[in-house]
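A short write-up of the structure that comes next.
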Amino acid sequence: MEKTRAGRRQAAGGRRDENKEHRLPPPASRLPNQGVAVLALQGDFGAHRRKLSEMGIESFEARRPEEIEKASGLIIPGGESTTLWKFFESAPWEEAIARFAGSGRPVLGTCAGAIVLARQVFNPAQKGLGLLDIAVERNAYGRQADSFVGVVDAPALGGELPAVFIRAPRIRRAGPAVEILATREGEPVLARQDNVVAATFHPELTDDERVHRMVFAGSARKRRSA
Ligand code: GLN
5 MEKTRAGRRQ AAGGRRDENK EHRLPPPASR LPNQGVAVLA LQGDFGAHRR KLSEMGIESF
65 EARRPEEIEK ASGLIIPGGE STTLWKFFES APWEEAIARF AGSGRPVLGT CAGAIVLARQ
125 VFNPAQKGLG LLDIAVERNA YGRQADSFVG VVDAPALGGE LPAVFIRAPR IRRAGPAVEI
185 LATREGEPVL ARQDNVVAAT FHPELTDDER VHRMVFAGSA RKRRSA
């Protein structure tokens with residue numbers, strides 16, 4: 005009798021646990037598909053996804069840190085770096101992004117994304133993930149020219165690139181491990197340290213694919229043509 009009741013309790017407990025487990029199944033649409041994770045907390049993540057799609061590279065929108073774990077690459081889009089940090093502080097994003105970058109998979113940060121990747125951020129001072137040894141000054145083009153379309157010199161990518169700057173930062177210092185891949189009027193605008201790349205402009209807003217191709221070609225899963 006005792007045994008039976010205990011058995012029943014156990015069975016009931018077991019069922020409760022099972023129910024708990026089944027209450028929050030990860031929606032299939034949110035599961036990493038091994039494509040490029042585009043951080044979709046804020047900013048112009050849609051433009052990056054369109055660019056990757058035009059290039060035949062799979063991507064998905066990541067809204068929780070654990071969703072980037074299995075991705076083949078990561079994009080931190082432009083937007084507002086202070087807002088991105090508010091999200092970063094509400095979930096273990098810092099650890100997730102650092103672990104991702106540490107794994108050697110490609111990471112691209114554009115504009116606000118470049119700012120959050122930096123080691124040092126000023127105007128005003130702000131925390132940086134420190135994944136790229138650069139110091140950046142936010143909103144550094146002054147009011148009149150704070151947003152403009154221009155070209156940048158990118159010999160490493162075959163010459164001039166069209167570039168959209170929107171309240172862009174300027175890279176004021178780059179450490180010895182950082183490679184400058186493009187400049188505008190002699191100043192760095194595209195920088196790489198190993199697998200981590202930062203653009204102060206928005207390569208996702210032009211027809212040119214070279215920046216995304218340089219970062220993701222080879223590692224990102226291609227869409228099946230069938
Ligand atoms: N001005 C923004 C910042 O400081 C960046 C702008 C952008 O991403 N286009 O975070």
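Counting in the working numbering, the sequence shown runs from 5 upward without gaps. No residue lacks a Cβ here, since even glycine has one placed at the ideal position from N, Cα and C.
- A straight-line Cα-Cα distance of about 9 Å links residue 175 and residue 122.
- A check of alpha carbon separations from residue 116 across 66, 48 and 146 identifies 48 as the nearest.
- DSSP places residue 166 within a strand segment (E or B) once states are collapsed to three.
- Relative to residue 80, the option among 52, 56, 180 and 140 whose CA is nearest is 52.
- Assignment of residue 144 by DSSP, reduced to helix, strand and coil, places it in the coil class.
- Going by DSSP, residue 79 is part of the beta strand (DSSP E) stretching over 77–80.
- Using a cutoff of 7 Å, the CB of residue 170 counts as near the ligand GLN, since one of the ligand's heavy atoms is closer than that.
- At least one heavy atom of the ligand GLN is found less than 7 Å from the C-beta of residue 142.
- Membership of residue 193 in any alpha helix (DSSP H) is not indicated; the residue belongs instead to the beta strand (DSSP E) covering 191–197.
- Take residue 98, set aside five residues on each side of it, and the residues of its chain with a beta-carbon closer than 7 Å to its own are 92 and 133, in chain order.
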